[in-house]
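Below is one structure, written out as structure tokens; the observations come after it.
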Amino acid sequence: MRKILASTLLFAAALSANPAAALDSSSPPVVVTPLADRTQTASGQPIVLPQKNVQVLVSTYDIAVGATLPVHKHPFARYAYVEAGTLKVTNVETGDSNTYKTGDFIVEMIGQWHQATNIGDGPVKLLVIDQVEQGAKNTVLQQ
Numbered sequence: 071m072r073k074i075l076a077s078t079l080l081f082a083a084a085l086s087a088n089p090a091a092a093l094d095s096s097s098p099p100v101v102v103t104p105l106a107d108r109t110q111t112a113s114g115q116p117i118v119l120p121q122k123n124v125q126v127l128v129s130t131y132d133i134a135v136g137a138t139l140p141v142h143k144h145p146f147a148r149y150a151y152v153e154a155g156t157l158k159v160t161n162v163e164t165g166d167s168n169t170y171k172t173g174d175f176i177v178e179m180i181g182q183w184h185q186a187t188n189i190g191d192g193p194v195k196l197l198v199i200d201q202v203e204q205g206a207k208n209t210v211l212q213q
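Right, here's the structure in full:
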């Protein structure tokens with residue numbers, strides 16, 4: 071699984087570095103638009119991947135206007151792309167918060183309690199990608 075993920079990431083990097091080199095003249099044009107390049111989470115932690123049996127989970131979230139997610143944390147890396155709306159994420163341990171809007175890419179904090187609130191006037195739509203140890207969940211709710 072790691073070899074497949076690494077190969078995919080290398081291919082994507084090659085395309086973004088020189089998209090024309092990856093295409094022959096009979097192919098339709100491809101435009102690669104980099105969305106993010108991060109080495110740290112939203113709270114400044116280094117991004118660390120699971121050490122065994124990596125499983126990639128992809129999901130969408132639709133968060134209603136005014137809704138607040140419960141306080142939670144993630145034991146593994148989680149990435150989110152904001153497809154629509156405005157989301158405020160607050161680290162409840164430090165009080166620091168970040169606001170994300172349509173088109174933003176989020177590298178969520180790992181192992182830190184936080185919550186998110188839709189502060190916009192429309193629903194928030196997220197594309198969420200988790201990298202976990204196979205069979206693990208990536209959200210722990212605060213009791």
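Numbering follows the working numbering, with no gaps: position 38 of the sequence shown is 108. Glycine included, each C-beta is placed from N, C-alpha and C at the ideal position.
Helix, strand or coil for LEU196? Go by DSSP, reduced to three states. strand
Presumed contact (8 Å Cβ cut-off) between GLN125 and GLN204, rounded CB distance: About 4 Å; that satisfies the 8 Å criterion.
Burial state of GLU163, where buried means 16 or more other Cβ atoms lie within 10 Å: By the neighbour-count rule (16 or more Cβ atoms within 10 Å), GLU163 is not buried but exposed.
Within the continuous beta strand (DSSP E) that includes ASP132, where are the two ends? Taken as a continuous stretch (DSSP letters only), the beta strand (DSSP E) holding ASP132 covers 124-133.
Residues of its chain near ILE133, where Cβ-Cβ distance is below 6 Å and the 5 sequence neighbours each way are ignored: Counting only Cβ-Cβ distances below 6 Å, and skipping sequence neighbours, we find ASN188 and VAL194.
Residues sharing a beta bridge with ALA206, DSSP: BP columns for ALA206 are empty, so no partner.
Classification of ASP200 by the beta-carbon crowding that lies within 10 angstroms, buried from 16 upward: buried
Kindly indicate which residue of ARG108, PRO98 and GLY190 has the alpha-carbon position closest to the one of ALA147. When each option's Cα is compared against that of ALA147, the closest is ARG108.
Excluding five sequence neighbours on each side, which residues of the same chain lie with their C-beta closer than 6 Å to the C-beta of ASP174? VAL152
My output table needs one value for GLN201: the three-state DSSP class, helix, strand or coil. strand
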